[in-house]
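Q: Provided herewith is a single structure, encoded as structure tokens, for subsequent inquiry.
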Amino acid sequence: MLVCNGVSINTIPEIANTLAETFAKTSSCDNYTPAFQALKRREERVKLNFSSSNEEGYNSPLTLLELRVALHRSERQIQTTINNFTKWAEQNGFVFSTEKTISNQKCQALNILKVLANTCWEADLTSLLRLYRALIRSKLDYGSVVYSSACKSLLKILDPVHHQGLRLCLGAFRTSPVESLYAEAYEPPLDLRRNLYDFKSHRSSLTYSQPFHFRIRDLITDLNLNIGRIALCKISEMPPSKVIYPKVDFTLSCYSKACTPVSTYRTLYLEHYLEHRELFCDYEPIFTDGSKSESHVGSAVVSLSTVITDALPISASIYTAELHALRIAIEHISLSRGKKFIIYTDSLSALQSIVSLHSSSHPILVDITYALANHLKKKDIRFCWIPRHSGITGNELADTAARSATGSSERFPIPHSDLKACFRQKLQSVWQSNWDQQTENKLYSVMPVFAPTVPSSSNHREQVIWTRLRLGHTRLTHRHLLFGEPPPYCEISVKHILCDCPHSNHLRHRLFNSVDFTISSILNNSTNSSFVFKFLSIKGFIHHI
Numbered sequence: 001m002l003v004c005n006g007v008s009i010n011t012i013p014e015i016a017n018t019l020a021e022t023f024a025k026t027s028s029c030d031n032y033t034p035a036f037q038a039l040k041r042r043e044e045r046v047k048l049n050f051s052s053s054n055e056e057g058y059n060s061p062l063t064l065l066e067l068r069v070a071l072h073r074s075e076r077q078i079q080t081t082i083n084n085f086t087k088w089a090e091q092n093g094f095v096f097s098t099e100k101t102i103s104n105q106k107c108q109a110l111n112i113l114k115v116l117a118n119t120c121w122e123a124d125l126t127s128l129l130r131l132y133r134a135l136i137r138s139k140l141d142y143g144s145v146v147y148s149s150a151c152k153s154l155l156k157i158l159d160p161v162h163h164q165g166l167r168l169c170l171g172a173f174r175t176s177p178v179e180s181l182y183a184e185a186y187e188p189p190l191d192l193r194r195n196l197y198d199f200k201s202h203r204s205s206l207t208y209s210q211p212f213h214f215r216i217r218d219l220i221t222d223l224n225l226n227i228g229r230i231a232l233c234k235i236s237e238m239p240p241s242k243v244i245y246p247k248v249d250f251t252l253s254c255y256s257k258a259c260t261p262v263s264t265y266r267t268l269y270l271e272h273y274l275e276h277r278e279l280f281c282d283y284e285p286i287f288t289d290g291s292k293s294e295s296h297v298g299s300a301v302v303s304l305s306t307v308i309t310d311a312l313p314i315s316a317s318i319y320t321a322e323l324h325a326l327r328i329a330i331e332h333i334s335l336s337r338g339k340k341f342i343i344y345t346d347s348l349s350a351l352q353s354i355v356s357l358h359s360s361s362h363p364i365l366v367d368i369t370y371a372l373a374n375h376l377k378k379k380d381i382r383f384c385w386i387p388r389h390s391g392i393t394g395n396e397l398a399d400t401a402a403r404s405a406t407g408s409s410e411r412f413p414i415p416h417s418d419l420k421a422c423f424r425q426k427l428q429s430v431w432q433s434n435w436d437q438q439t440e441n442k443l444y445s446v447m448p449v450f451a452p453t454v455p456s457s458s459n460h461r462e463q464v465i466w467t468r469l470r471l472g473h474t475r476l477t478h479r480h481l482l483f484g485e486p487p488p489y490c491e492i493s494v495k496h497i498l499c500d501c502p503h504s505n506h507l508r509h510r511l512f513n514s515v516d517f518t519i520s521s522i523l524n525n526s527t528n529s530s531f532v533f534k535f536l537s538i539k540g541f542i543h544h545i
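Here is the structure:
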């Protein structure tokens with residue numbers, strides 16, 4: 001650490017820059033003897049032969065004043081080569097552009113979308129977006145952890161490829177704002193995606209390389225993200241021959257709650273639970289549950305005589321809360337005098353993980369694996385899945401206890417997989433806050449909150465019409481911008497056509513049973529698409545969208 005003018009400097013590039021700047025200012029002053037100044041001027045004319053095993057890039061944070069020229073020697077050679085090639089291309093009738101060369105491979109993949117986006121191919125919006133994500137976005141994401149440190153002017157070269165791909169999928173015109181494309185396609189900007197991949201790579205790495213670590217640290221600070229303690233990755237050292245697989249009962253999971261009427265599923269589940277208790281009447285029941293809300297995460301264990309609760313950090317997932325409750329239950333069993341126990345939980349994913357024993361995927365699973373190996377030899381421990389909110393008293397008590405769990409949550413380390421979900425939610429909120437600033441955007445009045453768009457129809461042509469209406473940019477309203485024509489005398493808009501024009505009140509009342517509605521009430525519900533298309537057909541606008 002270096003302290004300069006009362007300011008602490010921690011990073012290596014900043015320390016090097018500060019030392020070089022101080023040395024340069026000191027050596028440039030005139031408070032030296034004439035002999036030393038003559039020696040200084042003579043040595044400054046000597047060419048600096050700078051070499052390093054690790055080459056610094058063009059966007060290196062190192063400045064080092066005069067040494068910056070030496071660091072850029074290789075970059076100047078590359079730039080000279082590009083300039084010579086550009087002159088050769090111009091002399092021979094070719095057009096060479098560095099920006100077009102970088103995105104040329106992506107543009108070739110865009111040709112596939114250009115063909116399939118034609119309405120005659122009947123490729124729906126969902127299929128086009130899947131093709132875009134597979135053929136183009138995957139290439140933009142590849143290696144983003146490495147190149148995301150480049151300067152913003154270079155990273156912006158990739159944005160037109162992203163925008164053009166979304167325009168082709170949506171059928172949007174060039175006049176549509178890029179923020180509207182992001183919202184309608186439910187595709188975040190590339191810079192947010194790069195931040196997400198950087199964070200995933202950083203959380204999954206075993207060692208923190210200095211430049212990358214400081215870059216992610218600044219990103220976490222900018223997002224005001226509270227990381228807390230991170231659980232170390234554990235790998236089970238127990239050989240497969242010594243692993244004791246627990247007995248898990250999934251009998252009740254064969255009844256689908258979604259397919260069972262609400263009036264009968266509670267009675268059905270309760271009857272099967274009572275039959276299960278009669279079958280295992282000599283086993284002491286223990287109920288576990290986890291709870292997660294916007295401001296609270298907790299785990300709870302309820303037995304015949306004990307209620308145990310524990311609070312977790314807000315960034316912990318519900319899956320971690322359920323596993324933590326199972327771990328508490330096993331620890332409680334180890335301190336009990338009984339020999340037979342059955343643990344009831346409503347987390348199907350947690351029990352499936354215990355059965356498969358994918359201990360390397362979650363640190364708590366490793367602890368559960370070791371605990372079961374130590375206690376199953378002495379005690380009979382079984383697991384059983386039960387549905388939540390089905391009238392089972394123990395499950396309801398565990399759910400209530402988990403919701404009211406209190407305590408210090410900072411002491412609990414959470415796995416890095418939960419941090420990824422937390423970081424993704426934080427980026428989603430940043431994206432939403434940026435969208436909230438687009439108050440003049442036509443799509444914002446239709447969809448103020450981000451949500452995946454439900455296709456209005458299986459017909460691609462109707463999907464394109466519906467999308468252009470939502471974006472507010474159609475051939476009828478923006479023809480003068482698309483073809484360079486004089487602007488119309490009437491500033492027509494989609495809102496005026498569908499909501500405000502008084503000459504269409506009778507038709508609106510006949511189709512929509514009302515004349516007093518907003519553009520959001522019409523275009524934010526895909527079930528209205530058939531009425532909107534009929535309205536446009538009667539008015540003669542359907543072929544001008």
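First residue of the sequence shown: 1, per UniProt numbering; consecutive thereafter. Using N, Cα and C, we set each Cβ at its ideal position, and we do this for glycine too.
So who's on the other strand from Pro285, going by DSSP bridges?
A: Ile342
Q: What do you get for Gln437, buried or exposed, if any count of 16 or more other CB atoms within 10 angstroms of its CB means buried?
A: exposed
Q: Have a look at the DSSP bridge pairing and note the partners of Trp385.
A: Thr345
Q: Using the rule of at least 16 other Cβ atoms within 10 Å of the residue's Cβ for burial, across every protein chain shown, is Asp198 buried or exposed?
A: buried
Q: Taking the alpha-carbon of Leu140 as reference, which of Leu219, Lys156, Leu125 has the nearest alpha-carbon?
A: Ranked by Cα distance from Leu140, the first of Leu219, Lys156, Leu125 is Lys156.
Q: Closest by CA to Glu271, which one among Asn224, Gly391, Tyr489, Ala150?
A: Gly391
Q: Using CA coordinates, which residue listed in Val454, Ser8, Asp367, Cys490 is at the minimum distance from Cys233?
A: Asp367
Q: If you follow the alpha helix (DSSP H) that Lys420 is part of, which residue opens it and which one closes it?
A: 416-436
Q: Exposed or buried, which one is Gly165 when buried takes at least 16 other CB atoms within 10 Å?
A: buried
Q: One question on the structure: do Gly228 and Pro488 come within less than 9 Å of each other, judged by their Cβ atoms?
A: In this structure, Pro488 does not lie closer than 9 Å to Gly228 by Cβ.
Q: Sort Ile12, Glu322, Thr453, Pro240 by Cα distance to Ala373 and report the nearest one.
A: Pro240
Q: If I'm right that Trp385 touches Leu326 with Cβ under 8 Å, what's the distance once you round it to whole angstroms?
A: So it is not a contact: roughly 12 Å between Cβ atoms.
Q: So, are the CB atoms of Val302 and Ala311 less than 9 Å apart?
A: no
Q: Is the Cβ-Cβ distance between Lys339 and Lys378 less than 9 Å?
A: yes
Q: Just how far apart, CA to CA, sit Leu498 and Asn525?
A: 14 Å
Q: Given Trp121, which residues of its chain have a CB within under 8 Å of its CB, disregarding the five upstream and five downstream residues?
A: Annotation for Trp121: Val115, His460 place their beta carbon closer than 8 Å to its own, counting only its chain and skipping 5 residues before and after.
Q: Kindly indicate which residue of Pro313, Gly171, Leu523, Pro486 has the alpha-carbon position closest to the one of Leu419.
A: Pro313
Q: Let me know if His276 comes out buried or exposed under the rule of 16 or more other beta-carbons within 10 Å of its beta-carbon.
A: buried
Q: Opposite Ser241 in the DSSP bridges: which residues?
A: Ser241 pairs with nothing; no bridge assigned.
Q: Could you name the residues of the same chain whose beta carbon sits closer than 6 Å to that of Gln428, not counting the 5 residues immediately before and after it, in chain order?
A: None.
Q: With a threshold of 8 Å on Cβ separation, who are the neighbours of Gln463 within its own chain once the five nearest residues in sequence on each side are excluded?
A: Asp124, Leu125, Gly171, Pro455, Ser456, Ser457
Q: How far does the alpha helix (DSSP H) with Trp507 in it extend, from its first residue to its last?
A: As written in the sequence, residue 507 is Leu, which differs from the Trp given in the question. First-last of the alpha helix (DSSP H) with Leu507: 505-512.
Q: Between the alpha carbons of Val7 and Ala316, how many angstroms are there, rounded?
A: 36 Å
Q: DSSP on Asp399, reduced to helix/strand/coil?
A: helix
Q: How is Cys454 classed by DSSP in three states: helix, strand or coil?
A: The sequence given here places Val at residue 454; Cys does not occur at that position. Residue state, collapsed to three classes: coil.
Q: Could you tell me the distance, in whole angstroms, from the CA atom of Phe212 to the CA atom of Asn224?
A: 18 Å
Q: Tell me the DSSP bridge mates of Leu129?
A: Looking at the DSSP assignment, Leu129 forms no beta bridge with any residue, so it has no partner.
Q: Using 8 Å as the threshold, is the region 501-516 in touch with the region 461-481, meaning 3 or more CB pairs across them?
A: no
Q: With distances taken Cα to Cα, identify the nearest neighbour of Lys292 among Arg133, Ala402, His480, Gly484.
A: Ala402
Q: Please report how far the alpha carbon of Thr251 lies from the alpha carbon of Tyr273, in whole angstroms.
A: 10 Å
Q: If you run the structure through DSSP and keep just helix, strand and coil, what is Thr369?
A: In this structure, Thr369 counts as helix in the three-state DSSP scheme.
Q: Which same chain residues, not among the five before or five after Val446, have their C-beta less than 7 Å away from its C-beta?
A: Arg470, Ile519, Ser520, Leu523, Asn524
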